[in-house]
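What follows is a set of notes on a single structure, which appears directly below.
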Amino acid sequence: MDQDSKSGTDAGGAAVPPAATPELKEAANEFKKKGNDHFRAHHYEKAIEFYTKALEADPSNPVFWSNRAICHIRMENFGLAISDAKKGIEIDNAYVKSYYRLGTAHAGLGKYKLAMGDFKQVLKIKKNDSMAKSKLKECQKAWREEQFFKAIQSDETKPVSETFKLEDLSVPNDYSGPHLPEKGPDEPFMKALTEHLRSQKDLHRKYVFKILLDIIKLFKTLPTLVNVDVPQGTKITVCGDVHGQYYDV
-10 MDQDSKSGTD AGGAAVPPAA TPELKEAANE FKKKGNDHFR AHHYEKAIEF YTKALEADPS
50 NPVFWSNRAI CHIRMENFGL AISDAKKGIE IDNAYVKSYY RLGTAHAGLG KYKLAMGDFK
110 QVLKIKKNDS MAKSKLKECQ KAWREEQFFK AIQSDETKPV SETFKLEDLS VPNDYSGPHL
170 PEKGPDEPFM KALTEHLRSQ KDLHRKYVFK ILLDIIKLFK TLPTLVNVDV PQGTKITVCG
230 DVHGQYYDV
């Protein structure tokens, strides 16, 4: 993990946290050492706890921001990694590892053009950095492929959700399950659907497709990253991987 940082200037005149007292710097470095130990053991969540403590003691050290950023990257928390990397750049825009973290996180989100800019910035600081050159080439290749597929996109390459015609499906008269209201699912429909599924029966596919298409429209209006404030000293548990079977829910 990062051990030291060269002095630099802030980026664009951004506010830089005041330097910590010698006592706080010493405490921060002890927290960093413990964080490094957990990082090497691949205990990234625990490492984040100690890097956070280091930052609380000395938020003016870009190394701590960079170290926490790489933990977030390893846990695929790319949005948080971007936030930490940017903070490190604000404090010291000559500290090259902050740009590494930023580029890696941008690439992890598929934002290859932004990542290319980050790795180019690395090469401005360290012209012969082989890893930055390699990462830049990878991002350039991915970005060109992305642009190529956009250029050749047609009705045949569009996702089914953009070409599917719901009106082509009809619900037969002998269908005995719940009928989806025009305005979408409501409480009576959901209660009827619950009993229908409990009896191991299927919702008609037209209604399934309608719900899925509406969900896609909804998702497109929502942000890809949502910040959740977690009170100090508490944790949040994220549950996922439900495969859609009734008894999984």
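For the sequence shown, position 43 (counting from the first letter as 1) is numbered 32 according to the numbering used here, and the numbering increases by one without interruption. A virtual CB, placed ideally from N, CA and C, is assigned to each residue, including glycine. For clarity, every value in this text was computed on a predicted model and none was experimentally measured.
Three or more beta-carbon pairs separated by less than 8 angstroms link the stretch 119 to 126 to the stretch 86 to 96, which places the two stretches in contact. For I62, the enclosing alpha helix (DSSP H) begins and ends at P51 to R63. Across the set K190, A46, I78 and G99, the C-alpha of G99 shows the shortest separation from the C-alpha of E134. The beta carbon of A74 sits closer than 6 angstroms to the beta carbons of A58, S87, R90 and L91 from its chain, once the five residues preceding and following it are set aside; these are given in chain order. Contact holds between the stretch 3 to 21 and the stretch 45 to 63, because three or more Cβ pairs, one in each stretch, are under 8 angstroms apart. Here K76 is buried: its Cβ has 16 or more other Cβ atoms, across all protein chains shown, within 10 Å.
Closest in C-alpha terms to N66, from the list E34, G222 and E45, comes E34. A Cβ-Cβ separation of about 7 angstroms places I200 in contact with P174 under the 8 angstroms criterion. DSSP places V215 outside both helix and strand once states are collapsed to three, so it counts as coil. Of the residues assessed, N117 falls on the exposed side of the cut-off, its CB having fewer than 16 other CB atoms within 10 angstroms. Per DSSP, I205 is one residue of the alpha helix (DSSP H) stretching across R194 to T210. Within its own chain, no residue has a Cβ closer than 8 angstroms to the Cβ of P148 once the five positions on either side in sequence are excluded. Rounded to whole angstroms, the gap between the alpha carbons of C60 and L186 is 42 angstroms. The alpha carbon of M64 has as its nearest neighbour, out of M105, F28, I78 and Q110, the alpha carbon of F28. Non-local beta-carbon contacts of T93 in its own chain, meaning distances under 7 angstroms to residues more than five positions away in sequence, involve I62 in chain order. Out of Y84, F198, E79 and A46, the CA that lies nearest to the CA of P11 is found in A46.
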